[in-house]
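Quick note: the sequence shown uses this note's numbering, first residue 324, plus one each step. We put the beta carbon where it would ideally sit given N, CA and C, even for glycine. Heads up: the structure comes next, in structure tokens.
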Amino acid sequence: MTAVVGRLLHRDPYSGAAHSRVSLETTMFEELPILPPDSILGLAAACRADPNPDKVDLTIGIYMDEAGLCPVFEAIKQAQRSLVEEEQTKAYIPPQGDPAFLDGMIELVVGSEHLAARADSVGAVQAPGGCGAVRLGAEVLKASGTGGKVWISDPSWPVHVPLITSTGLALSEYRYYDPQTHGVNFEGMIEDLGAAQHGDIVLLHGCCHNPSGADLSREQWETVASMAVEQGFTPMIDLAYQGFGEGLDADVYGLRLLLSNVSEVVIAASLSKNMGLYRERTGIAIFVGPDARTAEATVSQAKAAARRNYSMPPAHGALLAGRVLSNVRLRSSWEAELATMCERINTLRTDFQGRLESASGRDFSFVARENGMFSFLGLTVEQARRLRSERSLYMLDSSRINIASLNSDNMDRVVDAVVSVL
Ligand SMILES: Cc1ncc(COP(=O)(O)O)c(C=O)c1O
324 MTAVVGRLLH RDPYSGAAHS RVSLETTMFE ELPILPPDSI LGLAAACRAD PNPDKVDLTI
384 GIYMDEAGLC PVFEAIKQAQ RSLVEEEQTK AYIPPQGDPA FLDGMIELVV GSEHLAARAD
444 SVGAVQAPGG CGAVRLGAEV LKASGTGGKV WISDPSWPVH VPLITSTGLA LSEYRYYDPQ
504 THGVNFEGMI EDLGAAQHGD IVLLHGCCHN PSGADLSREQ WETVASMAVE QGFTPMIDLA
564 YQGFGEGLDA DVYGLRLLLS NVSEVVIAAS LSKNMGLYRE RTGIAIFVGP DARTAEATVS
624 QAKAAARRNY SMPPAHGALL AGRVLSNVRL RSSWEAELAT MCERINTLRT DFQGRLESAS
684 GRDFSFVARE NGMFSFLGLT VEQARRLRSE RSLYMLDSSR INIASLNSDN MDRVVDAVVS
744 VL
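Here is the structure:
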């Protein structure tokens, strides 16, 4: 659309005579480029539009139960009922976040042992989801004046890139996943991280690496912790799947090891998956530093970053999580349900491995070795695309699948389709 935006006084450059003319200018958005859909969300949308009743969506990172639904935890339902009954106001919660949520989350992630040792040096700010927490963490790191860069794994979750670079921090990659062994390329990783220096930040997935499902072993975490101490880089832990790997405490083994050894650690934790609070945007940025002053400084910086980006934190999810974490009955119900989900994912992994191996005669043992919801099937881009067009089986071009979207109804179809393109 072209609009007449004004009547301007125009002066003839030769005669100097002034006369008015109508100016035709484009509207603000007329030439604004239309961006392509997000690589992951776009595929999920394509699957929704696919009329094939046998279609299967393995693209998006959401826990699905046997019925193909993303369930609301029973503890969350109960907390929600009481919150609705008792809530007196929708006034803003404090800018740092809901106190019960902050305390419960710090204890869940950092752990009581570390808290006893370093309670004063822990600062935390509620954030809109794990993404908001990554962003707040990156903003505080940027504000520290570091001229260093942020090292991310190759591959990593693609959203890390815009979340971090939009603060002005530069990225570098370290080798992480080896498609030949379907595991961590630890030699490559430590060789690359050998160049990380004081002032650099190394982003590590706390557990259940997205997109590969390949996690560091305990010994490997120990090596990374020693490197952080010797080289002086700052670890930043993205913790989006605590409780989806081996259990709530086992999944933060590496994170807590770093806390025992390294003076500064940044953590971005999400409750989207492990409390099923996806749409409620519930996360936390935690800064563990050397003392109380640095904790206060990081919190003040994170609150300022929040204020200039979105002002105040969303309340609903954090109020629910605060109730679940601080109430013994709700907490044990939540932990039991989460453990059941984790077991289901691990059973799906073994089952899927067995069926793929007997249908193809190939080795898929890596599927059962990995943690969390994701796995690369090791297919080519062309094979992944054929599966979409010929079999209505949707996975990312990288052949990353969400194991939790498998169920007894679709498993055979998925195995059959995958084997057909091998
Ligand atoms: C690795 C990783 N980090 C962070 C997140 C953050 O998720 P959210 O912002 O929905 O809490 C996700 C979600 O998929 C993720 O996979």
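Keeping to the same chain, check which residues put their C-beta closer than 8 Å to that of residue i; ignore five residues upstream and five downstream.
i	result
Met387	Cys393, Asn725, Ala727, Ser728, Asn730
Met635	Tyr415, Ile416, Pro418, Ala629
Gly599	Tyr386, Cys393, Pro394, Val395, Phe396, Ile399
Ala551	Val525, Thr557, Pro558, Leu581, Asn584, Val585
Ala390	Asn730
Cys665	Gly566, Phe567, Gly568, Glu569, Gly570
Tell me the DSSP secondary structure of residue i in three-state form.
i	result
Ser586	coil
Ala638	coil
Gln520	coil
Met734	helix
Gln401	helix
Tyr497	strand
Asn597	coil
Lys626	helix
Ala592	strand
Ile385	coil
Gly536	coil
Val741	helix
Val552	helix
Val448	strand
Asn632	helix
Val547	helix
Residues in the same chain with beta-carbon distance under 7 Å from residue i, minus the five sequence neighbours each way, listed in chain order, please.
i	result
Gly529	Ile560, Asp561, Leu562, Gln565, Asp574, Val575, Gly577, Leu578
Gln403	Leu643
Ala618	Asp443, Ser444, Val445, Gly446, Phe610, Gly612
Using a threshold of 7 Å, is the CB atom of residue i nearer than that to any non-hydrogen atom of ligand 1?
i	result
Tyr500	no
Trp480	yes
Ala644	no
Asp373	no
Val457	yes
Asp561	yes
Cys454	yes
His639	no
Gly384	yes
Tyr576	no
Gly568	no
Asn669	no
Gly606	yes
Taking just the CA atoms, how far does residue j sit from residue i?
i	j	result
Glu436	Leu364	40 Å
Arg604	Asn669	26 Å
Thr325	Pro360	Its pLDDT being 40, under 50, Thr325 is placed unreliably by the model, and the measurement read from it follows with that caveat. Thr325 and Pro360: Cα-Cα distance of roughly 27 Å.
Val611	Val445	5 Å
Leu331	Glu348	Annotation note: pLDDT 48 at Leu331 (below 50); position unreliable, coordinate value reported separately. Taking the straight line from one Cα to the other gives about 12 Å.
Pro481	Lys465	20 Å
Arg714	Arg672	22 Å
Asn508	Asp477	10 Å
Ala367	Arg616	45 Å
Asp538	Ile475	14 Å
Ser549	Tyr500	21 Å
Gly427	Ala625	19 Å
Glu430	Gly455	20 Å
Glu553	Arg685	43 Å
Met512	Arg498	5 Å
Pro374	Ser362	21 Å
Gly471	Gly491	11 Å
Gln411	Cys531	39 Å
Ser544	Gly522	In the sequence under discussion, the amino acid at residue 544 is Trp, which differs from the Ser named in the question. Roughly 20 Å between the two C-alpha positions.
Determine the extent of the beta strand (DSSP E) in which residue i is found, giving its start and end residues.
i	result
Ile524	524-528
Thr557	557-562
Glu430	Run containing Glu430: none in the beta strand (DSSP E); it sits in the alpha helix (DSSP H), 422-433.
Phe746	Limits of the chain in this structure are 324 at one end and 745 at the other, which puts residue 746 out of reach.
Val473	472-477
Ala608	606-611
Ile724	723-725
Between which two residues does the alpha helix (DSSP H) holding residue i run?
i	result
Asn375	Element bounds for Asn375: n/a, residue is neither H nor E.
Thr670	651-683
Leu464	452-466
Ser698	It is not in any alpha helix (DSSP H) - Ser698 instead sits in the beta strand (DSSP E) that spans 697-699.
Ala414	Element bounds for Ala414: n/a, residue is neither H nor E.
Ile277	Here the chain has residues from 324 to 745 only, and residue 277 is not among them.
Arg602	Counting along the chain, Arg602 falls outside any alpha helix (DSSP H), and DSSP gives it neither H nor E.
For residue i, which residues in the same chain have their Cβ closer than 6 Å to its Cβ, ignoring the five residues on either side in sequence?
i	result
Ser683	Val742, Leu745
Ala707	Met718, Asp720, Ser722
Ala740	Leu710, Arg714, Leu716
Phe697	Asn533, Pro534, Gly536, Arg723
Arg458	Leu486
Tyr601	Ser595
Please confirm whether any heavy atom of ligand 2 lies closer than 7 Å to the CB of residue i.
i	result
Asp523	With respect to ligand 2, the structure shown offers nothing to examine, as its ligands consist of ligand 1.
Cβ of residue i less than 8 Å from any chain D Cβ?
i	result
Glu542	As a matter of chain content, chain D is missing from the structure shown, which is built from one protein chain.
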